[in-house]
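Trainee: The structure's right below; bear with me while I get my questions together.
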Amino acid sequence: MNVCTLQFHNITTNSCEEGVTNNMKRKLLNKILSMALVGTMVMGMAACGKQPVASTEGTETNVAGTEVSTEVATEVVEEELTYPLKDAVKLSMWTYNQPPVSSVYADWTESPYHIGLQENTGIELEWIYPVAGANVDEAYNLMLTDDELPHMITNDTSLADALLLAKDGMIYDLTDYLPKYAPDYWEYLNSDPELLRSVKADDGHIYGVYGHTEGDYNGTYIGPVIRQDWLEECGLEMPVTLEDWEKVLVAFKEKYGATFGFNKKRYNMGIASGTNAQATIFSYAGIPGWYVDETGKVQFGQMDEEWKKSIEVLHKWYEMGLIDQDSFTMDDKALRAKALANEVGVSITALSQLTNWIADAEAQGTGADWVGMEYPRLAEGVATSRIQSGTRTTATVTMVTTRCSEEELITALKWLNYGFTEEGRMYCNFGKEGDTYYLDAEGKPQWTEKITSDPDGTIVAAKKYSGTHSGTVATVQAADLVKLINAKTSADAVYKWIDNTDNSKYVLPPLALTEEETITYSDKFDSISARCAEMAMKYIIGEESLDNFDAFLEELRKMGIEECQAIQQAAYDRYLAK
Amino acid sequence: MRKRKKRKSIEDCILDVIIYSILIFLAVATFYPMWYVLVASFSSGSYIASQELLIWPGEFNVEAYRLTFQHPLLMRSFGNSLMVLAIGLPINIVLTVLAGYFMASTTKVYWKKPIIYMILFTMFFNGGLVPNYLNVRDLGIYNTIWALVLPGALSVYNANICKTAMEAIPYSLHESAYLDGASDLKVLFKIVLPLMKPTMAVLLLYYGVAHWNAWFNASIYIRDKWKLPAQNILRAVLLENSSLAESVGDNYNAYADAMQYAAIIIITVPIVCVYPFLQKHFAKGVMIGAVKG
Amino acid sequence: MLSYKTIVKDFKKNKLIYLMILPVVVYLILFCYKPMYGIIIAFQRFRPGLGIEGSPWIGLDNFVRFFKDINFWRVVRNTFTISFLNILFTFPAPILLALLLNEVQCSWFKRTVQTITYLPHFIAMVVVCGLIHQFCQSDGLINDIVAFFGGERANLLIQTKMFYPIYIISGIWKEIGWSSIIYLATLAGIDQEQYEAAKIDGASRLQQMRYITFPGLMPTISMLLILKMGQVLNIGMEKILLLYTELTYDVADVISTYVYRKGLLDADYSYSTAIGLFNSIVNIVFLVSANKISKKLGQSGLF
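Protein chains in written order, with this note's numbering: chain Y, 17 to 594; chain A, 1380 to 1672; chain B, 54 to 356.
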């Protein structure tokens, strides 16, 4: 359940890092340029009718919609894709994201970003969001059982689950349509073989248009933060190893009565799903959930000795009173209040929250100086093995449901393509040129007055006029956005979190499971995941003794962890072979 | 009240002291949390945070109320809750009275037993969470106010109360009416209902409180936030990390805490106020219902 | 007996009364009996896209899975535990209150206490649980009081040992006054002459309570108790859903909350329905037994 929130934030909070080095800037520019170039080429080719029509083998699968593909092929060839579109089709979109800036707008109809999107694409789209306070998983599940599906669904549905939905005839197989109706997206996918195989389900088909990011910087948005001013007052160095951390925590506790506090939902006790590695404080070793080890074997972090050790340390700190007890029940709102009230000195939190805390401290004049810091290391010189991170293909996917007629399907794809055109990419990330952003001398986007002097603060202002942080439309989240919307200190925090780690070695790519595998896996793994989350917390607060850890492992085996592992391994092997 | 000897024995005095102390403790312990909410709703955020025990409003202000009354979603949800009452209560009462009358009626009806069993069986067995949800979806009332009103519109327990109250009415009254040629409908309206005002008060109160305080059905049957009843908005605010204060920007807000309490007061006070009006009938009515004859 | 003629005659004769019960019957069919058809998904692997008609049948697999589920004993045990704690503590509390109030002479005091204790009944569960959340945090009201008396601050919601006290005490707080109404009404019906006679015999007030007041309440108590016993497996999920955390699942997770989590959060519709069906069946067994006992004891019973 927690995973959802996290993935939403993935796109939400980090948008892009502004290339700090020239190298990075160049890369970005090149990328945009080449995208544009390739985009035009593709369109040209499509217009000439030379674009190879994607495999027609797809028709064999009994997925709704595939049969349609062949007949459509000819007519659209002449159509050139220009926005705003002329299609007189109204569409609806369910999305698992939170509604745009609910603090300012009653609903999306008032949001300038959504209004602008409608103008730019020419498509009238009704957005459907989970209601306030609803559990997102629950809302998604209930929505799926509704007789009348929305035209499009945006969710963090795994490749395996998407395959299942398609088999049940609920969503379209897009494989054959993408080259024709979403040429820019198709081109983007083909720009990197890694991208293409990360969006393919087990049968080699593509069932959705994914949200993408420009790279590692966008994927990491949760990490440790600390009160720099207190560190200095105590005469302590920035902590690096676990021992350092403990020293700092003890000092903060003694001097300020402040603790290490976090929001359990951020510091995921459960297990990562899909591509999204979850935040773990003890990243020096214990990786919760699936990862791939040095020998190419898929491993389950909770079964490792290292995970047990990391939990042991947390338990020790808890016993010493260094961890805030409310960490297990409070939300971001409460944590923010504690940070402001000087009750928390070290935390692990999201980028946007860090920006909020900095703003609070400024507004209230508390003198608190929050900065990001490295994840703790096992020892000096040993790189952190795993941090919260994401891949270029995020878990957020927009699927087109079979409620769509063929015409609507085509319009939906053309609409989805918009976020991958040059214009659309800039709009989704930064809003309107000249209005919310301008390109500086180096061709880098910068906010205009309109954003920077917005009374609600930059994050909120940016959310009003641009979209990738609400994950609203399939696009490529620009690396520049994170830095632009966050306070400088928090934008810098990301470097502290991702630099000098071995993270990429261990990340598991998005895996595609077969239908049978999916059913077996979800039957068993839902319970396993819940169990792990529960036990981790019990161990930390001492409700359950780590002496009985072996019993826990035995329990996991009984629940079928080994079968799940075999499924993951098989899927990983297939991925490598793709 | 019992009459007592004028002079109390020492034993009696001690007993009185004990009884009164217990009751005073109970009353204070029950009252304080409610008082706390009331006081907090009139205080500033920093005052709430700084006080160990809130006894009296500090930095008294009505800013939280002003902001809360301006909150569009909360106010809309308040209206939705009223709507559920307005539509739901008549349906509840009609179904309950009809079911009660049928069960209480002495007329020889061939299908009487099967129908009564059919009614009672629903008390012990129901489809369960998912089948009920699928049913609401199939009936096409998903995401409408009917999804909040219709499922559970007839409480068999309440129908039983109704039936018991009707049985307590002397049959001779029915009989003379029947002899005068009155139909069952007429008997129900002209003779039975006027005699069971206390029971009606009990039913209204039971159904009314249940409607007003319900949240679970709305959480699964409603997907449009503008159609949610008030309790669901309160739940989002109190338990799910939403903030009312967001409507005044994402920045630090001094009234965020007080607004939560103000919202509680605004939404709870109406239902509390209903009770005194029905109280007169209530003690009588509840007795009929609970101790079945 | 059951001839076509009798039926037609019966309908003709009782046209109006059938017409009057018709809305109820239609309602019950639509909202109570129609969903029961949906229970068959307990024997399927239901997939929303395929519907009840298209989903594959898997027989009793879901039930077997439940009995093997590591959470099986936990949810069953917790369901019974919470029920019995309710009977042990929440049930007698209003009886005690009624007995105490009955001894109070001063009528304004009595009225005040009554009114105050009624009030929480009207406060929504959402609000009650929201307040519990706030009060039980380590910087919440309860901890403020504990700290005031020199105690150690602790978050109460994450401790398994605190869950039952929180659950029970808040339950008593909410309903004690309301539930006492019926006992007070019963007490008002006790013949005053009994007390007079007892006083003449020199019975103390405690003795009067013991031998007159309490026996006077007994029929009501036993009736309500039997009703309660029949509901042993019917733990309302709403309060627990709003109160528990993963850390207190060990004591707080009951069948109905598990049904909710599996059904709506994990989208394991069939499994969830199977668990719900199991619960309903066991529940009926309890109800029927309670009813039998009730009749044996000379009460009227539920049905």
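Ideal Cβ placement from N, Cα and C applies to all residues, glycine included.
All of these numbers come straight from a predicted model, not from anything done at the bench.
What three-state label does DSSP hand Glu449 (chain Y) in the structure shown?
Mentor: Numbered from its first residue, the first sequence carries residue 449 (chain Y) at position 433. Glu449 (chain Y) falls in the strand class under three-state DSSP.
Trainee: Kindly indicate if chain Y contains any beta-carbon less than 9 Å away from that of Asp425 (chain B).
Mentor: No information on residue 425 (chain B) is available, as it lies outside the stretch 54 to 356 that chain B covers here.
Trainee: Determine the DSSP secondary structure at Tyr204 (chain Y), reduced to helix, strand or coil.
Mentor: One-based indexing of the first sequence puts residue 204 (chain Y) at position 188. Correct three-state label for Tyr204 (chain Y): helix.
Trainee: Taking 7 Å as the limit between beta carbons, can you name the residues of its chain near Cys444 (chain Y), skipping five residues before and five after?
Mentor: The residue labelled residue 444 (chain Y) in the question sits at position 428 within the first sequence. Gly435, Ser482, Gly483, Thr484, Val489 and Thr491.
Trainee: Look at Lys448 (chain Y) and Gly138 (chain Y) and say whether their C-beta atoms are less than 9 Å apart.
Mentor: The residue you call residue 448 (chain Y) lines up with position 432 of the first sequence. The residue you call residue 138 (chain Y) lines up with position 122 of the first sequence. No; because the gap between Cβ atoms is not below 9 Å, this pair is not in contact.
Trainee: In the stretch 297-310 of chain B, which residues sit with their C-beta less than 7 Å from some C-beta in chain Y, listed in chain order?
Mentor: Cβ contacts with chain Y: Thr298, Glu299, Leu300 and Tyr302.
Trainee: Please list the partners that Asn208 (chain B) has in chain Y, where partner means a Cβ-to-Cβ separation under 8 Å.
Mentor: Position 155 of the third sequence, counted from the start, is the residue given in the question as residue 208 (chain B). Those within 8 Å of Asn208 (chain B) in chain Y are Gln341, Asp342, Phe344 and Thr345.
Trainee: Relative to the C-alpha of Thr418 (chain Y), which residue among Y:Glu164, Y:Met551 and Y:Ala104 is closest?
Mentor: Counting from 1 along the first sequence, the entry for residue 418 (chain Y) is found at position 402. Answer by Cα proximity: Y:Glu164.
Trainee: Hey, how far is the Cα of Tyr57 (chain B) from the Cα of Phe64 (chain B)?
Mentor: For the purposes of this step, residue 57 (chain B) is identified with residue 4 of the third sequence, where counting begins at 1. For the purposes of this step, residue 64 (chain B) is identified with residue 11 of the third sequence, where counting begins at 1. Taking the straight line joining both Cα atoms gives about 11 Å.
Trainee: Note down the Cα distance separating Asp1629 (chain A) from Phe1500 (chain A), rounded to an integer number of angstroms.
Mentor: Along the second sequence, one-based indexing puts residue 1629 (chain A) at 250. Along the second sequence, one-based indexing puts residue 1500 (chain A) at 121. For Asp1629 (chain A), the predicted model reports a pLDDT of 43, less than 50, meaning its position is unreliable and no value from the coordinates is stated.
Trainee: Identify which residue in Y:Gln341, Y:Ile238, Y:Asp320 and Y:Trp261 has its Cα closest to the Cα of Ala509 (chain Y).
Mentor: For the purposes of this step, residue 509 (chain Y) is taken as residue 493 along the first sequence, with counting starting at 1. Of the candidates Y:Gln341, Y:Ile238, Y:Asp320 and Y:Trp261, the one whose C-alpha sits nearest the C-alpha of Ala509 (chain Y) is Y:Ile238.
Trainee: Measure the CB-CB distance between His1553 (chain A) and Leu1464 (chain A) and report whether it falls below 9 Å.
Mentor: Along the second sequence, read from residue 1 onward, the residue named residue 1553 (chain A) stands at position 174. Along the second sequence, read from residue 1 onward, the residue named residue 1464 (chain A) stands at position 85. No, these two residues do not count as a Cβ contact at 9 Å.
Trainee: What does the Cβ neighbour count give for Gly81 (chain Y), buried or exposed, with the cut at 16 atoms within 10 Å?
Mentor: What you label residue 81 (chain Y) is simply residue 65 of the first sequence in a count that begins at 1. Caution applies to Gly81 (chain Y), whose pLDDT of 41 falls short of 50 and renders its modelled position unreliable; the value that the coordinates give is listed next. Gly81 (chain Y) is buried by the Cβ-count criterion.
Trainee: Over what stretch of residues does the beta strand (DSSP E) that includes Pro240 (chain Y) continue unbroken?
Mentor: Here residue 240 (chain Y) refers to the residue found at position 224 of the first sequence. That run of the beta strand (DSSP E) goes Ile238 to Arg243.
Trainee: Would you report the Cα separation of Phe344 (chain Y) and Asn279 (chain Y), rounded to the nearest angstrom?
Mentor: Taking the first sequence and counting its residues from 1, the one referred to as residue 344 (chain Y) is at position 328. Taking the first sequence and counting its residues from 1, the one referred to as residue 279 (chain Y) is at position 263. If I take the Cα positions, the gap works out to 7 Å.
Trainee: Does Asn1514 (chain A) come within less than 9 Å of chain B when only Cβ atoms are used?
Mentor: The sequence position of residue 1514 (chain A) within the second sequence is 135, counting from 1. Yes, Asn1514 (chain A) counts as interfacial toward chain B.
Trainee: If contact is defined by three or more beta carbon pairs under 8 Å, each pair taking one atom from either stretch, is the stretch 223-238 of chain B in contact with the stretch 130-147 of chain B?
Mentor: Yes, since at least three Cβ pairs between the stretch 130-147 of chain B and the stretch 223-238 of chain B fall closer than 8 Å, the two stretches touch.
Trainee: Can you tell me whether Ser71 (chain Y) is helix, strand or coil according to DSSP?
Mentor: Numbered from 1 along the first sequence, position 55 holds the residue referred to as residue 71 (chain Y). Confidence at Ser71 (chain Y) is low in this model, with a pLDDT of 37, below 50, so the placement of that residue should be treated as unreliable; the coordinate-derived value is given next. Coil.
Trainee: So, helix, strand or coil for Ile1403 (chain A), using DSSP?
Mentor: Counting from 1 along the second sequence, the entry for residue 1403 (chain A) is found at position 24. Reduced to three states, the DSSP call for Ile1403 (chain A) is helix.
Trainee: Any beta carbon from chain Y within less than 9 Å of Leu295 (chain B)'s own beta carbon?
Mentor: Stepping through the third sequence from its first residue, residue 295 (chain B) is reached at position 242. Judged by the 9 Å Cβ criterion, Leu295 (chain B) is not in contact with chain Y.
Trainee: Any residues in the stretch 1587-1604 of chain A with a beta carbon nearer than 8 Å to a beta carbon of chain Y? Which ones, in chain order?
Mentor: Under the 8 Å Cβ criterion, the stretch 1587-1604 of chain A contributes Ser1598, Ile1599, Ile1601, Arg1602, Asp1603 and Lys1604.
Trainee: Could you name the residues of the stretch 1450-1466 of chain A whose beta carbon sits closer than 8 Å to any beta carbon of chain Y, in the order they occur along the chain?
Mentor: Per Cβ criterion, the list reads Pro1451 and Leu1452.
Trainee: Should Val338 (chain B) go down as buried or exposed, given a rule of 16 or more other Cβ atoms within 10 Å for buried?
Mentor: Here residue 338 (chain B) refers to the residue found at position 285 when the third sequence is read from its first residue. The residue in question, Val338 (chain B), is exposed, as its Cβ has fewer than 16 Cβ neighbours within 10 Å.
Trainee: Looking at the C-beta of Asp114 (chain B), does it have a partner C-beta in chain A at a distance below 9 Å?
Mentor: Mapped onto the third sequence, residue 114 (chain B) falls at position 61. Not an interface residue.
Trainee: Using only the heavy atoms of the ligand ZN, determine whether one of them is closer than 8 Å to the beta carbon of Leu1461 (chain A).
Mentor: Because no ligand of any kind appears in the structure shown, any question about the ligand ZN cannot be addressed here.
Trainee: Could you have a look at Trp1414 (chain A) and say whether DSSP puts it in helix, strand or coil?
Mentor: If you number the second sequence from 1, residue 1414 (chain A) lands on position 35. In the structure shown, Trp1414 (chain A) sits in a helix (DSSP, three-state: H, G or I).
Trainee: Verify the CB distance criterion: does Tyr1426 (chain A) have a CB-CB separation below 9 Å to chain Y?
Mentor: The count along the second sequence starts at 1 and reaches residue 1426 (chain A) at position 47. By this cut-off, Tyr1426 (chain A) is not an interface position.
Trainee: List the residues of chain B whose Cβ lies closer than 8 Å to the Cβ of Arg1445 (chain A), in chain order.
Mentor: Taking the second sequence and counting its residues from 1, one reaches residue 1445 (chain A) at position 66. Here the premise fails: no neighbours, minimum Cβ distance about 21 Å.
Trainee: Kindly say whether Lys554 (chain Y), judged by its beta-carbon, lies nearer than 9 Å to any beta-carbon of chain B.
Mentor: Counting from one through the first sequence, the residue named residue 554 (chain Y) turns up at place 538. Chain B contact via Cβ: present.
Trainee: How about Thr161 (chain Y): is its C-beta nearer than 9 Å to some C-beta of chain A?
Mentor: Residue numbering aside, residue 161 (chain Y) sits at position 145 when the first sequence is read from its first letter. Answer yes: the Cβ-Cβ gap between Thr161 (chain Y) and chain A drops below 9 Å somewhere.
Trainee: In terms of alpha-carbon separation, which member of B:Tyr302, B:Phe137 and B:Ala327 lies closest to Val312 (chain B)?
Mentor: Working through the third sequence from its first residue, we reach residue 312 (chain B) at position 259. Nearest C-alpha to Val312 (chain B): B:Ala327.
Trainee: Note the first and the last residue of the continuous alpha helix (DSSP H) segment covering Thr1475 (chain A).
Mentor: Here residue 1475 (chain A) refers to the residue found at position 96 when the second sequence is read from its first residue. First-last of the alpha helix (DSSP H) with Thr1475 (chain A): Pro1451 to Ala1483.
Trainee: Pick helix, strand or coil for Ala295 (chain Y), following the three-state DSSP scheme.
Mentor: For the purposes of this step, residue 295 (chain Y) is taken as residue 279 along the first sequence, with counting starting at 1. Only weak support exists for where Ala295 (chain Y) lies, its pLDDT of 41 falling under 50; the coordinates are left without a value.
Trainee: Tell me which residue opens and which closes the alpha helix (DSSP H) that Ser326 (chain Y) is part of.
Mentor: On the first sequence, residue 326 (chain Y) is found 310 positions in, with the first residue counted as 1. Unbroken alpha helix (DSSP H) run through Ser326 (chain Y): Glu321 to Glu335.
Trainee: Please report how far the alpha carbon of Ala366 (chain Y) lies from the alpha carbon of Asn372 (chain Y), in whole angstroms.
Mentor: Taking the first residue of the first sequence as 1, we reach residue 366 (chain Y) at position 350. Taking the first residue of the first sequence as 1, we reach residue 372 (chain Y) at position 356. Distance between the alpha carbons of Ala366 (chain Y) and Asn372 (chain Y): 10 Å.
Trainee: Taking Cβ positions, are Tyr171 (chain B) and Trp1490 (chain A) nearer each other than 9 Å?
Mentor: In the third sequence, residue 171 (chain B) corresponds to position 118, counting from 1. In the second sequence, residue 1490 (chain A) corresponds to position 111, counting from 1. Contact: no.
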